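Number of protein chains: 2
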Amino acid sequence: MDVDTRLLRSFVAVAEEGSLTRAAERLYVSQPALTKQIRQLEGRLGVPLFTRSRAGMALTEPGRTLAQRAPALLAEWDRTLRETRGAADRAARVLRVGFLASAANEATSRIVAEFGRRRPGWRVEMRQAAWSDPSAGLAEGDVDVALLRLPFPGQQALRVEVLFSEDRWIALPAGHPLAGRELIAFRELWDEPFVAAPAESGRWREYWLATEERQGRPARIGAVTDQPDDWLSAIANGYGIALAPASAARFYARPGIVYRPVSGVGPSRVGVAWSPADDGDPVVREFVRCCLELGSASGGPTA
Amino acid sequence: MDVDTRLLRSFVAVAEEGSLTRAAERLYVSQPALTKQIRQLEGRLGVPLFTRSRAGMALTEPGRTLAQRAPALLAEWDRTLRETRGAADRAARVLRVGFLASAANEATSRIVAEFGRRRPGWRVEMRQAAWSDPSAGLAEGDVDVALLRLPFPGQQALRVEVLFSEDRWIALPAGHPLAGRELIAFRELWDEPFVAAPAESGRWREYWLATEERQGRPARIGAVTDQPDDWLSAIANGYGIALAPASAARFYARPGIVYRPVSGVGPSRVGVAWSPADDGDPVVREFVRCCLELGSASGGPTA
DNA sequence: CCACATCCATGCCGGCAGGTTATAGAAGCA
DNA sequence: TGCTTCTATAACCTGCCGGCATGGATGTGG
């Protein structure tokens, strides 16, 4: 008996939501389509999985059995998929490098160039990650190496080398009262609304809200964004302000936004990370070596 | 990324056969259909899985990765499917009973009737199994209890109670030289071609070929059959002869076939079996109790 | 008591995926 | 050269699947 994993995912969604309608919008399909999918699954298995009622969809006994095992099956499939794709990239001599925003700043291109020199025949595939995953795809196995900002959740399970540090500045809308000041004390910003990363990014989000430097006062969230472009728009539109690496002033300059130095918050560290499983991979090691040689102490614009 | 398990099964078949053409006939689809399936799988994953050549299909490196994990995934899915269906039957108060050929002979109907009396609301679903699975679906989890012939492969992993024993006779085509004899010594039959069960049935097949009673002389196989009907036809058509329980003379009487007592082979034992996992299941225990009370020492027609 | 909101189910239609047969193309082999 | 044995392609057809609009059941509030 065969099933599309899609049906299983739909089933899990309906089981979790307890409602076709809600599950349908979560899955971005119409409710009738989901109705059909679930009925088809039940038909294929020859088993009633839900009892329908005005209140929604409740799992039957066999439904619970399936709901218990399906998530593990799907996770196992996703894992297999990642490994297969990883094997394909390795076979094609492609090194997948995840990065966030400006990666290792000006050093990035030098690192990639040097790697290309040392490993002819290999190609670097740079993949920009959204802020909802501060490990830049490394935790999920989507990339082999990542250039990212420390600290980030899941860091302990990975190998990390620090490349350089840079001060954190504040990004303000041009019309902001403090936009003209040369240096701003962070405590003056405690009550400002901030543009934050999505909640999934956990510790990383907290770091960029500088929760530790607020002495317990909660941060106000004015907007949530997942990528630099939305972030810039949110700030320019006045939804909030945000801490940013000093280099953002170079990489993300934009009319309507000014960057100013801030006192009272620690610096941001940029690191290179990889999976312990790849400790023995000579290509990964080579890339890391390039990072350490060309990225260390060279985060600034001048060298 | 979603996939139909069907595609995975096709992939595994092609990987194992090393050829689209051969895999296609094994899967009972046309070769172009398989071609499309594999190409679709490759397209979906974005990964080349095979290298094509005149000699056939050879796995690529990522193909090997997938081929390594896919079988376990499919097995896990099949397992989930069985458990879900099992839960459905239990919820619907259906006891699934597997059996082979004549099950426990005349006792069968008494057992089922008594169980129905003791467990009103429950229904017994009798499932006849093919000889390729002498555990009658129990090993695969397709049934809750099984009435079968001992010994069978996988027996050690299950709970088994013996119900009764009966002599083994020989089934001969009516025109056979020995068809008129009252009693036949098994050694006279050593060189006859036998109608055997499929090879998958292992030890069970050997038992019905009476390998142990042949003193090392190999059995000649005249035909292989998977179910009583084919078996009867094969014997009637003269492809071979076969040992059978004495009760077959009652249950499988047919023009053109005669059953005769044989000396020099041990009897056949009929047993009831269930999974150790169901040791605590009161319904299964009840059914087994019915078997023991109504099946023991009552295999014959008169008692 | 009626109108409304909230679920899930159904009917209809359009698009496409997947199967079959027939055939082409490449490559070893006698 | 002709035959065999692979896989790929073409043409066709069926049936599934998704979306929209709507229906039916059921609880809720004015």
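Taken in sequence, the protein lines are chains Z and F. Here the UniProt record's numbering is used: the first residue of the first sequence is 1, the next is one more, and so on. Here the UniProt record's numbering is used: the first residue of the second sequence is 1, the next is one more, and so on. Even glycine gets a Cβ: it sits at the ideal position worked out from N, Cα and C. Nothing here was measured: the structure is a model prediction, and the numbers come from that model.
For residue j and residue i, the rounded distance between their alpha carbons
i, j, result
"Z:V162", "Z:L150", "8 Å"
"Z:R118", "Z:F164", "23 Å"
"Z:G63", "Z:A246", "54 Å"
"residue 342 of chain F", "Z:M1", "Any question about residue 342 of chain F goes unanswered here, given that chain F covers just 1 to 303."
"Z:L20", "F:L232", "53 Å"
"Z:V124", "Z:D89", "10 Å"
"F:L7", "F:A58", "17 Å"
"Z:I235", "Z:A248", "13 Å"
"Z:S132", "Z:R205", "9 Å"
"F:F99", "F:V112", "12 Å"
"residue 305 of chain Z", "Z:R96", "Residue 305 of chain Z is absent from the model: chain Z starts at 1 and stops at 303."
"Z:G300", "Z:L148", "Since pLDDT at Z:G300 reaches only 45, below the 50 mark, its modelled position is unreliable, and the value read off the structure follows with that caveat. Those two C-alpha atoms are separated by around 16 Å."
"F:G180", "F:D226", "28 Å"
"F:P282", "Z:P32", "42 Å"
"F:V143", "Z:G121", "57 Å"
"residue 304 of chain F", "Z:A23", "Residue 304 of chain F is absent from the model: chain F starts at 1 and stops at 303."
"Z:T302", "Z:S109", "Below a pLDDT of 50, predicted positions are generally treated as unreliable, and Z:T302, at 40, falls in that range; the measurement from the model is reported next regardless. When rounded, the distance between both Cα atoms is 15 Å."
"F:I38", "F:F50", "9 Å"
"F:D191", "F:P177", "14 Å"
"Z:A199", "F:Q128", "56 Å"
"Z:S298", "Z:V224", "For Z:S298, the predicted structure reports a pLDDT of 47, less than 50, and the residue's modelled location is therefore unreliable. The matter cannot be settled from this model."
"F:L27", "F:E140", "21 Å"
"F:A103", "F:R260", "21 Å"
Residue i: first and last residue of the uninterrupted beta strand (DSSP E) it sits in
i, result
"Z:L172", "168–173"
"F:I235", "Where F:I235 is concerned, there is no enclosing beta strand (DSSP E), although the alpha helix (DSSP H) it sits in stretches over 228–236."
"F:V283", "Segment 282–295 is the alpha helix (DSSP H) holding F:V283; no beta strand (DSSP E) there."
"F:G222", "220–224"
"F:A136", "Here F:A136 belongs to no beta strand (DSSP E), and DSSP marks it neither H nor E."
"Z:L147", "145–150"
"Z:V97", "94–99"
Integer Cβ distance of residue i from residue j, believed to fall under 8 Å
i, j, result
"Z:R44", "Z:V3", "6 Å"
"Z:P134", "Z:I257", "Contact doesn't hold; Cβ gap of about 22 Å is too wide."
"residue 315 of chain F", "F:P193", "Residue 315 of chain F lies beyond the stretch modelled for chain F, which goes from 1 to 303, so this question has no answer here."
"Z:A67", "Z:V12", "7 Å"
"F:P267", "F:R168", "6 Å"
"Z:V265", "Z:V288", "Contact doesn't hold; Cβ gap of about 29 Å is too wide."
"F:L243", "F:A197", "The pair is not a contact, with the Cβ atoms about 11 Å apart (cut-off 8 Å)."
"Z:G56", "Z:G18", "5 Å"
"F:L294", "F:E114", "6 Å"
"Z:Y239", "Z:V195", "6 Å"
"F:S275", "F:L138", "7 Å"
"F:V94", "F:F186", "Rounded, the Cβ-Cβ distance is 42 Å, inconsistent with contact."
"F:T60", "F:P48", "5 Å"
"Z:R9", "Z:L73", "Not confirmed; about 10 Å, so no contact."
Beta-bridge pairing of residue i - partner residues as DSSP gives them
i, result
"Z:Y259", "Z:A171"
"Z:E161", "Z:V272"
"Z:S53", "Z:G56"
"F:L183", "Answer is none; F:L183 lacks a bridge partner."
"Z:V195", "Z:A223"
"Z:R254", "Z:I257"
Residue i - containing alpha helix (DSSP H), residue span
i, result
"Z:V124", "Element bounds for Z:V124: not the alpha helix (DSSP H) but the beta strand (DSSP E), 123–128."
"F:I245", "For the sequence presented, residue 245 of chain F should be read as Pro rather than Ile. That residue, F:P245, is in no alpha helix (DSSP H); its beta strand (DSSP E) goes 242–245."
"F:A13", "5–17"
"Z:G86", "61–91"
"Z:V112", "107–118"
"F:W32", "Looking at the sequence shown, residue 32 of chain F is not Trp but Pro. Segment 31–45, the alpha helix (DSSP H) holding F:P32."
"Z:W190", "No alpha helix (DSSP H) holds Z:W190; DSSP gives it neither H nor E."
"Z:T21", "20–27"
"Z:Y239", "Note, Z:Y239: premise wrong, no alpha helix (DSSP H); not H, not E."
"Z:R214", "Looking at the DSSP string, Z:R214 is not in any alpha helix (DSSP H), and its letter there is neither H nor E."
"Z:E140", "It is not in any alpha helix (DSSP H) - Z:E140 carries neither H nor E in the DSSP assignment."
"F:D178", "With the sequence shown as reference, residue 178 of chain F is identified as Leu, and Asp is not the correct amino acid for it. Neither: F:L178 is in no alpha helix (DSSP H) and is coded neither H nor E."
"Z:E200", "Note, Z:E200: premise wrong, no alpha helix (DSSP H); not H, not E."
Worksheet item: For the stretch 11–39 of chain Z, which residues have a CB atom closer than 8 Å to at least one CB atom of chain F, in sequence order?
Response: Those would be none; no residue qualifies.
Item to complete: With 7 Å as the limit, tell me which residues of the stretch 139–157 of chain Z have their beta carbon closer than that to any beta carbon of chain F; keep them in chain order.
Response: Answer in chain order: no residues at all.
Practice prompt. Using a Cβ-Cβ cut-off of less than 9 Å, give me the residues of the stretch 267–294 of chain F that come near chain Z, in sequence order.
Written response: For chain Z, none of the residues of the stretch 267–294 of chain F brings a beta carbon within less than 9 Å of one of its beta carbons.
Worksheet entry | Contact residues within the stretch 97–127 of chain Z, judged by C-beta distance below 7 Å to chain F | Here the close residues number zero.
Practice prompt. Pull out every residue of the stretch 189–207 of chain Z whose Cβ sits closer than 8 Å to any Cβ of chain F, in chain order.
Written response: Listed in sequence order: no entries.
Discussion item. Short of 7 Å Cβ to Cβ, which residues in the stretch 73–90 of chain F face chain Z?
Written reply: For the stretch 73–90 of chain F, which is checked against every Cβ of chain Z, the residues closer than 7 Å are L73, E76, W77, T80, L81, E83, T84, R85, A87, A88.
Item to complete: Closer than 9 Å, Cβ to Cβ, to anything on chain F: give me those residues from the stretch 39–56 of chain Z, in chain order.
Response: When CB distances to chain F are screened at a threshold of 9 Å, the residues of the stretch 39–56 of chain Z falling below it are L45, G46, V47, P48, L49, in chain order.
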